[in-house]
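Data block below; observations after.
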Amino acid sequence: MSQTIYVAGHNGMVGSAIFRQLQHDSTNIIITASRDELDLTNQQAVNQFFAGNKIDQVYLAAAKVGGIHANNEYPAEFIYQNLMIEANIIHAAHSNNVQKLLFLGSSCIYPKNAEQPMKEEDLLTGILERTNEPYAIAKIAGIKLCESYNRQYRRDYRSVMPTNLYGENDNFHPENSHVIPALIRRFHEAKLNNDSTVTAWGTGKPMREFLHVDDMAEASIFVMNLDNAIYQQETNPMLSHINVGTGLDCTIRELVETVAKVIGYQGEIVFDNTKPDGSPRKLMDVSRLERLGWKARTRLEHGLSLTYQWFLDNQSNFRK
1 MSQTIYVAGH
11 NGMVGSAIFR
21 QLQHDSTNII
31 ITASRDELDL
41 TNQQAVNQFF
51 AGNKIDQVYL
61 AAAKVGGIHA
71 NNEYPAEFIY
81 QNLMIEANII
91 HAAHSNNVQK
101 LLFLGSSCIY
111 PKNAEQPMKE
121 EDLLTGILER
131 TNEPYAIAKI
141 AGIKLCESYN
151 RQYRRDYRSV
161 MPTNLYGEND
171 NFHPENSHVI
181 PALIRRFHEA
191 KLNNDSTVTA
201 WGTGKPMREF
211 LHVDDMAEAS
221 IFVMNLDNAI
231 YQQETNPMLS
241 HINVGTGLDC
251 TIRELVETVA
261 KVIGYQGEIV
271 FDNTKPDGSP
281 RKLMDVSRLE
291 RLGWKARTRL
301 EHGLSLTYQW
311 FLDNQSNFRK
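So that you can map any letter, position 179 of the sequence shown is 179 in the numbering used here, and since no number is skipped, the others follow by simple counting.
This is the structure:
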């Protein structure tokens with residue numbers, strides 16, 4: 001039986017990965033709308049879009065995202081735009097009788113000093129990281145919107161919280177990108193320039209977890225289509241979100257060395273101990289998702305190789 005599926009944010013890294021995987025099933029009818037076609041912060045426009053399309057499922061991957069600098073500079077935009085996007089889509093889905101929706105959040109919803117690995121139960125148990133608190137608050141609100149419509153209207157709106165993502169369609173901007181695309185670009189350019197050294201920030205000791213975006217898309221589709229009785233066995237009405245990650249982490253030093261290996265950089269790697277390390281560890285507890293029957297498959301080195309190949313194939317599109 002065909003399903004009409006709306007992927008909100010289909011041009012982003014996660015949304016595009018979900019879109020690609022949904023296309024593997026020829027019975028799916030997938031609808032999208034670019035920013036030029038639909039302003040997701042405009043409630044009336046979103047309502048009209050839903051009213052004009054008979055939608056069965058929604059993947060809510062649309063969001064305003066950015067690194068530490070962007071979150072610090074534009075906190076109002078980060079909280080306002082994300083609140084409006086999720087509120088408009090979730091309410092329009094309900095108003096137009098869409099029964100199934102999946103909201104994609106972020107691991108930044110957890111307290112700054114949460115015990116490691118971070119469990120779903122850690123939500124709202126402590127103070128958030130200051131630099132991205134507005135974004136985190138918006139994502140927490142998205143979870144609670146889904147839970148509230150479920151409780152009051154018996155909807156089936158679910159939430160998944162990914163760890164650090166990387167892969168195809170990532171942001172490789174030299175100043176605003178996250179750690180993996182930043183390292184890929186830096187080592188690639190160092191290789192081209194025959195640089196004798198590459199400097200990495202910090203001691204290299206902090207530990208981080210990384211999930212390939214294709215695994216995230218697969219997990220999202222898996223959670224969306226789980227039988228409701230099985231889903232409810234592992235969740236409860238006011239703690240319904242599910243962590244998505246590998247359950248494994250590595251040191252930043254190991255990550256840097258692996259990126260250098262994948263790219264074929266032969267020079268020296270220097271760690272600048274005067275630069276900040278950040279949190280010593282950030283790891284997701286993924287036992288809930290594994291009990292439900294899904295586990296990540298892409299090993300880090302293989303995922304980095306896939307990402308580097310995509311970078312090579314698309315680097316003409318990147319800003320210098």
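Using N, Cα and C, we set each Cβ at its ideal position, and we do this for glycine too.
Taking residue i as the reference, give the member of the options with the closest Cα.
{"i": "Leu345", "options": "His178, Ala76, Asp215, Cys146", "result": "No answer is possible for residue 345: the residues shown for the chain start at 1 and end at 320."}
{"i": "Tyr265", "options": "Ala296, Met207, Phe187", "result": "Phe187"}
{"i": "Ala8", "options": "Ser2, Ala93, Glu73, Tyr74", "result": "Ala93"}
{"i": "Asn132", "options": "Ala217, Tyr149, Ala76", "result": "Ala76"}
{"i": "Val262", "options": "Lys191, Leu83, Asn228, Asn97", "result": "Lys191"}
{"i": "Leu124", "options": "Pro111, Tyr59, Glu115", "result": "Pro111"}
{"i": "Glu257", "options": "Thr199, Pro280, Ala296, Leu306", "result": "Thr199"}
{"i": "Met1", "options": "Leu101, Gly52, Ser26, Asn113", "result": "Ser26"}
{"i": "Ser316", "options": "Arg185, Asp249, Glu129, Arg130", "result": "Arg185"}
{"i": "Asn71", "options": "Glu290, Arg130, Tyr149", "result": "Arg130"}
{"i": "Tyr149", "options": "Leu304, Asn193, Asn97, Ala33", "result": "Asn97"}
{"i": "Asp313", "options": "Phe78, Gly247, Asn169", "result": "Asn169"}
{"i": "Ser305", "options": "Gln43, Val259, Cys250", "result": "Val259"}
{"i": "Trp294", "options": "Gln43, Phe78, Ile221, Ala229", "result": "Ile221"}
{"i": "Leu255", "options": "Ala296, Trp201, Ala229", "result": "Trp201"}
{"i": "Ser95", "options": "Glu290, Asn53, Gly126", "result": "Asn53"}
Examine chain C for any beta-carbon lying closer than 8 Å to the beta-carbon of residue i, and answer yes or no.
{"i": "Asp215", "result": "Judged by its chain identifiers, the structure shown contains no chain C, having just a single protein chain."}
Do you know how far the Cα of residue j is from the Cα of residue i?
{"i": "Ile252", "j": "Leu183", "result": "11 Å"}
{"i": "Asn47", "j": "Gln99", "result": "16 Å"}
{"i": "Ile90", "j": "Leu145", "result": "7 Å"}
{"i": "Val244", "j": "Phe311", "result": "25 Å"}
{"i": "Tyr231", "j": "Asn225", "result": "9 Å"}
{"i": "Gly204", "j": "Asp277", "result": "8 Å"}
{"i": "Gln233", "j": "Glu189", "result": "50 Å"}
{"i": "Thr41", "j": "Ala141", "result": "15 Å"}
{"i": "Ala17", "j": "Leu60", "result": "13 Å"}
{"i": "Leu292", "j": "Ser196", "result": "48 Å"}
{"i": "Leu128", "j": "Ile109", "result": "7 Å"}
{"i": "Glu147", "j": "Ala87", "result": "13 Å"}
{"i": "Tyr74", "j": "Arg35", "result": "20 Å"}
{"i": "Asn335", "j": "Asp227", "result": "The chain is shown only over 1 to 320; residue 335 falls outside these bounds and no answer can be derived."}
{"i": "Gln81", "j": "Ile143", "result": "16 Å"}
{"i": "Thr246", "j": "His69", "result": "27 Å"}
{"i": "Leu83", "j": "Gln44", "result": "15 Å"}
{"i": "Phe78", "j": "His302", "result": "33 Å"}
{"i": "Cys250", "j": "Arg281", "result": "9 Å"}
{"i": "Leu101", "j": "Leu248", "result": "28 Å"}
{"i": "Gln309", "j": "His24", "result": "22 Å"}
{"i": "Leu289", "j": "Phe19", "result": "22 Å"}
{"i": "Asn194", "j": "Ala229", "result": "58 Å"}
{"i": "Ala296", "j": "Asn113", "result": "26 Å"}
Let me check you understand the geometry: is the CB of residue i closer than 7 Å to at least one non-hydrogen atom of the ligand SAM?
{"i": "Pro134", "result": "In terms of ligand content, the structure shown is empty, and the ligand SAM therefore cannot be addressed."}
Please confirm whether residue i and residue j have their CB atoms less than 8 Å apart.
{"i": "Ile55", "j": "Tyr6", "result": "yes"}
{"i": "Met161", "j": "Ile31", "result": "no"}
{"i": "Thr163", "j": "Glu115", "result": "no"}
{"i": "His212", "j": "Thr298", "result": "yes"}
{"i": "Glu268", "j": "Gln21", "result": "no"}
{"i": "Arg158", "j": "Val58", "result": "no"}
{"i": "Phe326", "j": "Leu38", "result": "As shown, the chain starts at 1 and ends at 320. That puts residue 326 outside it, with no answer to give."}
{"i": "Pro181", "j": "Ser279", "result": "no"}
{"i": "Tyr166", "j": "Thr4", "result": "no"}
Give, in chain order, every unbroken run of the alpha helix (DSSP H) that is at least 4 residues long and sits entirely within the segment 100-188. 133-153
With three or more C-beta pairs closer than 8 Å as the rule, is the segment 225-240 touching the segment 103-112? no
Pairs of beta-carbons, one from the segment 54-73 and one from the segment 10-17, closer than 8 Å: are there three or more? yes
For the 8 Å Cβ check, are there 3 or more pairs between the segment 118-131 and the segment 269-289? yes
Using 8 Å as the cut-off, can you tell me whether the segment 164-179 makes contact with the segment 132-142, which would need three or more C-beta pairs spanning the two stretches below that distance? no
At 3 residues or longer, what runs of the beta strand (DSSP E) sit wholly inside the segment 180-266? 197-201, 210-212, 242-244
At which residue ranges does the segment 45-75 contain complete beta strand (DSSP E) runs of 3 or more residues, listed in the order of the chain? 57-60
Segment contact, 8 Å Cβ cut-off, at least three pairs: the segment 142-156 with the segment 255-274: no
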